[in-house]
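Colleague: Please read through the structure below; I'll follow up with questions.
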Amino acid sequence: MRFKLQNQHCLLFLPWSHQRISVRRCMRTNLRNDERKFYISTPIFYVNASPHIGHLYSAVIADCLHRYKLLKGFDSKFATGTDEHGLKIQQAADAAGEDPLNFCTQVSERFKHLFRSCDIAYTDYIRTTEPRHQQAVEHFWSVLRNKGLIYKGSYEGWYSTQDESFLTPSQVGDAVDASGKQIKVSLESGHKVEWMKEENYMFRLSEFRPRLLDWLRENPRAVQPERFYQAVLLELQEDLPDLSVSRQRSRLQWGIPVPDDPEQTIYVWLDALVNYLTVAGYPDQHDRWWNVAHHVVGKDILKFHAIYWPSFLLGAGLPLPQVIHVHSHFTVEGKKMSKSLGNVVDPIERSLTLTTDGMRYFLLRQGVPDSDCDYKDDKVVKLLNAELADSLGGLLNRCTAPSLNPAQVYPHFCPHSFPSEQGVGSKGRAVIEDYHMLDAVRSLPGVVEQHYESLHTYKALEAICACVRQTNGFIARHKPWKLNGKDTEDQRWLDTIFHVSLECLRIYGTLLQPVVPEISNKLLSRLGVLPSERSWAALDFLPKFQEMTCPFEGRELGADSGVLFSRLERPSLDKGKPKKTKKLQD
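Those letters in the sequence shown? Residues 3 to 588, per my numbering, in order.
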C-alpha cells in the first residue's frame, strides 16, 4: 500500500479500526530539515518540595548532552521546568497557607536558582501553569476525545496521591504506618495508597499494548539502557487496563479543567507529559522540533514515559520520542534520601563548597545509568582532588610553569626528536610508551563521542582520565626540568615535550566542555585557544606529527588565572572554604 504519513497527522487519515499502521512509520523524521537539530528534555520537577541532588542529576545529564550537541554543530533545544498541578500541590499549598500559584512560583524559582547556580544551560523553562501549556493540553485532550480514545466512565481502584498514580492490585501490598496501623502501599515507591471510586474520563490504554510492543521491538534503542528497555517489555506482558485521565473537580481543583466539562480536572500526568509538546510549539509549530525529541527521566517515572506517553502520542497521531534515556538514583551513604532520615543533600549548599564544576563532575563521573550510585562527602572530595586538582590541574601547571616555559608560548614541535615512526636507527628521543599515548589521545574523541551519545558519561570521563594519566607519565618519564636549555638538542626536545603535552591538554579541555564548562574554559584560555577553536570539528590532534601546520605553535599562552581546581580538604565542607594548592614550579 502506498501511503505517505504527514508528521502529527500520520494516523488521522484512517478510521480507528484501520490504524494498525507500523509504528516505525510514525517514528520517521524529515532528515532534510532535522538532521542537524536536536531536542532534549528533563522531566519537569514537582514543586511540592525544594530541589535535591536527584533533580540536579537529571538536569546535569541533559545539560551535558545539550552542550555536546552544540559542540557538534547541532541546533539544540534543551527544556526543563516545573510540574505545578495536582492534589499533592493543592494539599501542600493549603498546609502552607498559600495561594497555590504563589506557592508554585516560590518553589519553581528555587529550581531556577539551582539551575543557574550549576550552569544548566536550558533554552526553555516550562511551567505547567503557563497559558501556552494550558492551550496545548486542551488541544491534545480534544484530539484524543475526538478520536474516541477518551470516554466517560467509572474508575474504581487504588490511587497514590504521593505518586499521582493509579495502581493495579498486583502493584499494591500491605504495610504498617508509624502509628502501627495496617495500610496499603505501592510496592514500587512504598507510598500509601487509597481505594478510590469516582466517575471520570478514561483513556483507552488497553488498545495500545500491541502497538507499544511493535514500537519497542522495531526500535530496540528507544529506551536506554537495556535494563529499562527489558523492564518495559516485561510490564507489557500483562494486559493494560484503561487509564483514568481526570479527577472530579470537587476533589481536585488545582489543575486544568476538562474542556466542555468544568466538573472534571485533567489527570496531572497527562497534563505534565504534554509539556514536552508545549516547548516544541504544539499545537501549531511543533514539527520543527518534535521529530528530534529525546527525554531524560529517572527510573521511578519510567512507566509514565515509556507506556502512558507513547500511547497518548500514538493516539494523537504524533511521532514518538527518538530515545527515552533512563537514569538511576543517588543514595546517601547507602540509604535512600528521605526527609525523615534527614539525609537529603542540598545541591546548592554542596556546590558552594565543592564548586559548580566539582558537583557536575562528581555526578557525571559517578553516575551509572542502570544502577543506583552513592553520595558521600569524603568520596566526592577524594575524587575531585585526585582527578581535577592533582591529575588534570597538575598537568596544566607543569606545562605552563614559567620556570620551564619562560617565554610563555605554545612551543615548537621537533619531528627529529619525536619522529612519526619509531624504528631502528632513529635519533628520536621518544620511546614506545610515548607512541602508545599518542594513539590513545588520537582515538579519544571517538571514544568520548560514543559514550556521550549513549549517556554513559562516566565511561567518557574514565577514558579522558586514563589519557591524562598517560600524559603525566610522559612528562615524568622524560623529566624536562632536568634538560639543559643551553643545549640545542635538549631545548628542542623540551619544546617538543611541552608541545605534545599542550596538544593533549587542548584535546582534554575541548572534550570536557559539556561536563565542566568553567574548568574547560579556564584551561583552554590558559593555552591561548580561542572560542572559535573549541568545537568538535577543531579536535585535530598534533598536526605537526603528520607534517601539517599547527595554528597554535609559537602562539602566546593566555593569562595565568591561577590554579585550575583548588584542592578540597574534608573540614572545608563544614567551613565552606576550599584550600588552594601551590602551583608546581618544576
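Ideal placement from N, C-alpha and C gives every residue a C-beta, glycine not left out.
For Ala81, write down the residues that DSSP places opposite it in a beta bridge.
Modeller: DSSP output for Ala81 lists Ser43, Asp126 as bridge partner(s).
Colleague: From Val450 to Arg69, what does the alpha carbon distance come to, in whole angstroms?
Modeller: One C-alpha to the other measures close to 14 Å.
Colleague: Using a Cβ-Cβ cutoff of less than 7 Å, which residues in the same chain neighbour Tyr127 once the five nearest sequence positions on both sides are dropped?
Modeller: Same-chain partners within the cutoff: Thr82, Gly83, Lys114.
Colleague: Can you tell me whether Pro227 is buried or exposed? The criterion is at least 16 other CB atoms within 10 Å of its CB, across all chains shown.
Modeller: Looking at its Cβ environment, which holds 16 or more other Cβ atoms inside 10 Å, Pro227 is buried.
Colleague: If the criterion is Cβ atoms closer than 8 Å, does the pair Val276 and Phe142 meet it?
Modeller: Closer than 8 Å, so yes.
Colleague: Check whether the Cβ atoms of Glu265 and Gln250 sit closer than 8 Å, and answer yes or no.
Modeller: Cβ atoms of Glu265 and Gln250: closer than 8 Å.
Colleague: May I ask you to list the residues that DSSP assigns as paired with Asn104?
Modeller: Answer is none; Asn104 lacks a bridge partner.
Colleague: If you draw a straight line from the alpha carbon of Val443 to that of Ala465, how long is it in whole angstroms?
Modeller: Answer to the nearest angstrom: the Cα atoms are 9 Å apart.
Colleague: Under 8 Å: do the region 49-68 and the region 310-322 share three or more Cβ pairs, one atom per stretch?
Modeller: No, they do not touch.
Colleague: Ignore the nearest five residues each way along the sequence and tell me which others in Arg572's own chain have a CB closer than 8 Å to its CB.
Modeller: Answer for Arg572: Asp379, Asp380, Val383, listed in chain order.
Colleague: When the distance is taken between beta carbons, is Gly530 closer than 8 Å to Glu558?
Modeller: Yes, Cβ-Cβ distance for Glu558 and Gly530 is below 8 Å.
Colleague: Starting from the C-beta of Gln452, find all residues in its chain whose C-beta is less than 6 Å away, skip the five residues before and the five after it, and write them out in chain order.
Modeller: Excluding sequence neighbours, Gln452 sits near nothing in its chain.
Colleague: Among the candidates Asn50, Thr355, Thr498, whose CA atom is the shortest distance from the CA of Gly430?
Modeller: The residue with the shortest Cα to Cα distance from Gly430 is Thr498.
Colleague: Along the alpha helix (DSSP H) that carries His296, what are the first and last residues, could you check?
Modeller: Run containing His296: none in the alpha helix (DSSP H); it sits in the beta strand (DSSP E), 295-300.
Colleague: DSSP on Phe205, reduced to helix/strand/coil?
Modeller: Note: Phe205 maps to strand in three-state DSSP.
Colleague: Here's the rule: buried if 16 or more other CB atoms are within 10 angstroms of the residue's CB, otherwise exposed. What is Trp291?
Modeller: Classification of Trp291: buried, given that the 10 Å Cβ count is 16 or more.
Colleague: For Gln287, count the other beta carbons within 10 Å of its own beta carbon; 16 or more makes it buried, fewer makes it exposed. Which is it?
Modeller: Under this definition Gln287 is an exposed residue.
Colleague: Considering only the beta carbon of each residue, do Glu158 and Lys199 sit closer than 8 Å?
Modeller: In this structure, Lys199 lies closer than 8 Å to Glu158 by Cβ.
Colleague: Should Thr551 be labelled buried (16 or more other beta-carbon atoms within 10 Å of its own) or exposed?
Modeller: By the neighbour-count rule (16 or more Cβ atoms within 10 Å), Thr551 is not buried but exposed.
Colleague: In this structure, how does DSSP classify Leu366 when only helix, strand and coil are distinguished?
Modeller: Helix, per DSSP.
Colleague: State the DSSP-derived secondary structure class of Ser537, mapped to helix, strand or coil.
Modeller: Ser537: coil per DSSP, three-state reduction.
Colleague: Any beta-carbon of chain D closer than 8 Å to the one on Lys301?
Modeller: Among the protein chains of the structure shown there is no chain D, as only one such chain exists.
Colleague: Use the C-beta contact count for Ser78: other C-beta atoms within 10 angstroms, 16 or more gives buried, fewer gives exposed.
Modeller: Answer is buried; the Cβ neighbour count reaches 16.
Colleague: Just checking, does the region 487-503 make contact with the region 352-361 on the three C-beta pairs under 8 Å criterion?
Modeller: Too few Cβ pairs lie closer than 8 Å, so no.
Colleague: In whole angstroms, what is the alpha-carbon distance linking Thr130 and Val109?
Modeller: Approximately 13 Å between the Cα atoms of the pair.
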